[in-house]
Each structure stands twice: as structure tokens, then as C-alpha cells.
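Below: the structure, in C-alpha cells.
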Amino acid sequence: RPKTPPRHRPPLWALLLESVVLFAVLGILVGVWAFAVPSAEVTLYPSTISYTRLVPISVDPTLDEVDLEHGVIPSTRVGDEFEGYAEVVTTGRGYAFSGRATGKVLLTNLLGQDYQVPAGTIVRTSGGSYPSRYATTQDVTIPAFGQAEVPVEALLEGPRGNVDAYQVNLVEGVAGFAVRVTNPEPITGAESKIVRIVSQADRDRAWELAAQQVMANAYNGLQELATQEPGRFLPRQSLVIQAAPHAAYTHVVGERTDVLGLTLRLLVTGEAIRVRDAQAVAYRRLLEELPAGYTLIDARYEFGEAAEEDIGPGVFTFFVTAHGYAAARIDRDAVLEMVRGIPVREAYKRLESSLSLAAPPEIVVSPKWFPYVPFLPIRIQVNTAPGQLPARAQQ
4 RPKTPPRHRP PLWALLLESV VLFAVLGILV GVWAFAVPSA EVTLYPSTIS YTRLVPISVD
64 PTLDEVDLEH GVIPSTRVGD EFEGYAEVVT TGRGYAFSGR ATGKVLLTNL LGQDYQVPAG
124 TIVRTSGGSY PSRYATTQDV TIPAFGQAEV PVEALLEGPR GNVDAYQVNL VEGVAGFAVR
184 VTNPEPITGA ESKIVRIVSQ ADRDRAWELA AQQVMANAYN GLQELATQEP GRFLPRQSLV
244 IQAAPHAAYT HVVGERTDVL GLTLRLLVTG EAIRVRDAQA VAYRRLLEEL PAGYTLIDAR
304 YEFGEAAEED IGPGVFTFFV TAHGYAAARI DRDAVLEMVR GIPVREAYKR LESSLSLAAP
364 PEIVVSPKWF PYVPFLPIRI QVNTAPGQLP ARAQQ
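Quick note: the sequence shown uses our numbering, first residue 4, plus one each step.
Below, the structure is given as C-alpha cells:
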């Protein structure tokens, strides 16, 4: 049986060399793994602020595009005729007369023969600038040098015909040469009362109320015209009355009535503007007044009333209240340089001390037991969540 040749043990230096090579290879493998395999997700919650600015926006129909620098936007004119009706209680005062004064006069014949006075003979008073006149209502024959009574009625309605006794003393016409007249008793019966009549102030009030109704109808009607193109609207303050084609009052000034009505038709125009144009100007102002170190992340707008005075270069100016929502600016590249290759605990400290945050950052490393943030930036994902808080902060 042949003998097995004896096995020689490698020298010690060879064993040491093998061990060194083995550990070196293992170290390289571990290093490569640690360098390339772990990943991390960093979530940051930047601090936020809200701020508000009142932005004047001027409207100029002659512009073709928005002038952001001066805050002027273009508009498109729309118009149509609209009608309204209004009634007002009259406030004017006047007198209304009812009935004519009646009574009797005594006629005295100055002739030596009978004298016939026909119905319709006019008798009157002689005092004052405006005498009261009456007509006899029946024929009467007066005996020679005698007297006779005859009924009379005032020619005009109203209390002017009411006179005291012995005020009627003249006979008009040829009969005045033959007879004399007087009224032994008062002539009465006519009445007057204060009534409502139309005044100019009533017409003005009716116009104002009717115009308000027309303008309300015009705003709704022109708003429909303006919104036929999506994204447009019509500011109420842009409405202008161009003409009044029709205005019909139910009564004239001085006419007796308790109520005055007016049917009014007006030609009204307005300026339709694009919402995005106004928002662009307001957004520009928000950016100009953005606090240093912050980024505008959201904005909302409230459209207000027109300026009472002419404060802009356009035909009118209205205000937009712009609400800005800004978050602290975070440089992702700077964050990567700040945390890569360092222990996770140290990364937390650096982020909290260097950044303006609303809540502590979140760092999730995979695998979970790995204590370092990966060295390669490509293995680190940085997320920002402005306006949000981590679940632990909300509890």
C-alpha cells in the first residue's frame, strides 16, 4: 500500500496574508453595500405664514393686454336697454274745490215799468282784485220801482264764491242800468280741501327708484352677456347710463294724485373683465411683498367695491383683497449636503437648527437598523410638505 505523502502546513505569513485579503474583500463588500444599498427619505415641514394685501386694479378699455407694472387690465364693453317701473307716494300739497256757492240776491227795479231779468244775468261783488261772479238761474220780472228775489250760482267752483251778506252789488250788462242788486244773506256752499299733488321732488324720487331697479336688471342682464365668455365678469361699479330712450310718468307736476308711477327704459353699458387678469395683478403684488426667505405656495382673492375717487389711470378702479400663503424656502441640494453620510441623530439636529420648520423633520432609513444617512445623494429623497404636519404632531 503506497504511503500518502505528508501535507505541509502553509507558513504563518501565508495564513496572515490570506486573512488580510479575506478581511479586505469583506470590508470592500460591506463598504460597497453601505455606500450603494441603504436609502433614506427625508420629509421636511417648512414654517408657513399668511399675509393679506389690498390691491387696487384699474380698468382701461383701450388696452389690449395686462399692464402688470402699473396694475391696469383691459376690458370689453357690453350694453343693452333695460326697463323698470317704480311708484312713489306724492308729497306735494294743493287745494281741491267741490261745489259752487249758491244763494239769493235781491233785485230792485229803478224804472217806472216792469222789467224782466233773464236767467244767466251776471251779478258780482265789487271789492278786491278778483270779484266773485254769479249767474241768475231763472227768469224774473220785477214790478215798476219794485223788488224781487232770484236764485244765483257762482260761475266758478271753490270757496271764492262764498261771500258774506251785502257783498254782491253790481249787475253786468244792460240790466245794470235798470236794476240794482244786493244779497241780504250770505252766499255759501262751495268747499275746498288740501289734497296730494305731484311735485318735482316726487318726479325726481320716482326717477331715482326706477333707475335703481333698471340698474339692478341691467347688472343681471349684462353679467349674463359678460359670462358668455368663460372666465369673465362684470363689476357693478362699471355700469354707466348712456341714454334714456323712454320715461313715462303717470301724472304731470301739479296733478292731483296719491301715487306717481314711472316706466323707465335706459341704455346701460358696462365693462367686462377677465378674472385671470385681475388675479395676475394681485398675484404680482403678493410676490412683490413676499417676506424674505419665503416662497408663495397659494393665493386666493376677494373682489371688492370700486374706489370712490379717481385713483388709477383707467376709467375706474376696484379693489381685490389678495390672501397669500407662503412657506419657508428650502434648498434641497443644501439639505443633501447637510445630512449625507452622517448619523441619523446628527442629521436631525442639523436640520432642526439650520432650517425654519413648523414641525421636527422625519428621516426614514432603509434598512431601519442602518444608523447613517446614505452618502450618495441619489439614495436620499427629500420631500417638503408645506402647510402639513406629521401625524404625531396632529395627535
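Glycine is no exception: its CB is placed at the ideal position from the N, C-alpha and C atoms.
Less than 8 Å between the beta carbons of residue i and residue j, yes or no?
i: residue 46; j: residue 361; result: no
i: residue 263; j: residue 209; result: yes
i: residue 85; j: residue 271; result: yes
i: residue 77; j: residue 64; result: yes
i: residue 43; j: residue 364; result: no
i: residue 51; j: residue 328; result: yes
i: residue 318; j: residue 74; result: no
i: residue 41; j: residue 368; result: yes
i: residue 135; j: residue 157; result: yes
i: residue 326; j: residue 55; result: yes
i: residue 287; j: residue 71; result: yes
i: residue 228; j: residue 250; result: no
i: residue 241; j: residue 62; result: yes
i: residue 127; j: residue 199; result: no
Between the options, which lies nearest to residue i when the distance is taken from Cα to Cα?
i: residue 310; options: 259, 337, 161, 59; result: 59
i: residue 120; options: 56, 105, 138; result: 138
i: residue 129; options: 174, 150, 227; result: 174
i: residue 185; options: 199, 172, 179; result: 172
i: residue 102; options: 356, 182, 165, 357; result: 165
i: residue 133; options: 162, 140, 123; result: 162
i: residue 404; options: 228, 273, 142; result: Because the chain is modelled from 4 through 398, residue 404 falls outside the range shown and cannot be assessed.
i: residue 82; options: 330, 287, 323, 226; result: 226
i: residue 160; options: 239, 146, 190, 204; result: 190
i: residue 265; options: 201, 290, 315; result: 201
i: residue 255; options: 224, 143, 205, 287; result: 205
i: residue 390; options: 353, 242, 330, 354; result: 330
i: residue 187; options: 203, 155, 199; result: 155
i: residue 305; options: 323, 316, 80, 122; result: 323
i: residue 252; options: 203, 359, 68; result: 203
i: residue 143; options: 118, 131, 126; result: 118
i: residue 124; options: 230, 183, 371, 356; result: 183
i: residue 349; options: 366, 181, 333, 53; result: 366
i: residue 370; options: 347, 355, 96; result: 347
i: residue 177; options: 239, 212, 113, 207; result: 113
i: residue 381; options: 335, 221, 359, 354; result: 335
i: residue 181; options: 116, 333, 300; result: 116
i: residue 131; options: 238, 170, 147; result: 170
i: residue 224; options: 212, 238, 333; result: 238
i: residue 332; options: 261, 90, 359; result: 359
Drop a sphere of 10 angstroms on the beta-carbon of residue i, count the other beta-carbons inside from all chains shown, and report buried for 16 or more, exposed for fewer.
i: residue 257; result: exposed
i: residue 379; result: exposed
i: residue 321; result: buried
i: residue 275; result: buried
i: residue 36; result: Residue confidence is low: residue 36 scores 48 on pLDDT, short of 50, so the model does not pin down where it sits. Its coordinate-derived value is still stated next. Exposed: under 16 other Cβ atoms inside 10 Å.
i: residue 383; result: buried
i: residue 145; result: buried
i: residue 3; result: The structure shown does not extend to residue 3, since the chain spans only 4 to 398, so no value can be given for it.
i: residue 248; result: exposed
i: residue 98; result: exposed
i: residue 122; result: exposed
i: residue 397; result: Reliability fails at residue 397, whose pLDDT of 48 lies under 50, so the model's placement of it is uncertain and the value that follows must be treated cautiously. When all chains shown are included, residue 397 counts as exposed.
i: residue 93; result: buried
i: residue 87; result: buried
i: residue 314; result: exposed
i: residue 221; result: buried
i: residue 53; result: exposed
i: residue 57; result: exposed
i: residue 96; result: exposed
i: residue 303; result: exposed
i: residue 147; result: exposed
Does chain D have any CB closer than 8 Å to the CB of residue i?
i: residue 238; result: No chain D appears in this structure, which consists of one protein chain only.
Stretch-stretch touch, CB-based, cutoff 8 Å, three pairs: the stretch 268–281 with the stretch 228–235: yes
The stretch 144–155 / the stretch 100–109 touching (three or more Cβ pairs under 8 Å): yes
Any 3 or more C-beta pairs closer than 8 Å across the stretch 189–196 and the stretch 214–223: no
Any 3 or more C-beta pairs closer than 8 Å across the stretch 290–308 and the stretch 338–353: no
Contiguous beta strand (DSSP E) assignments of at least 3 residues, all confined to the stretch 229–261: 243–252
Segments assigned beta strand (DSSP E), at least 3 residues, entirely inside the stretch 306–386: 319–331, 360–369
Ranges of the beta strand (DSSP E) found wholly within the stretch 100–145, counting only runs of at least 3: 105–112, 118–120, 125–128, 136–139, 143–145
Beta strand (DSSP E) runs contained entirely in the stretch 272–310, provided each spans 3 or more residues: 297–309
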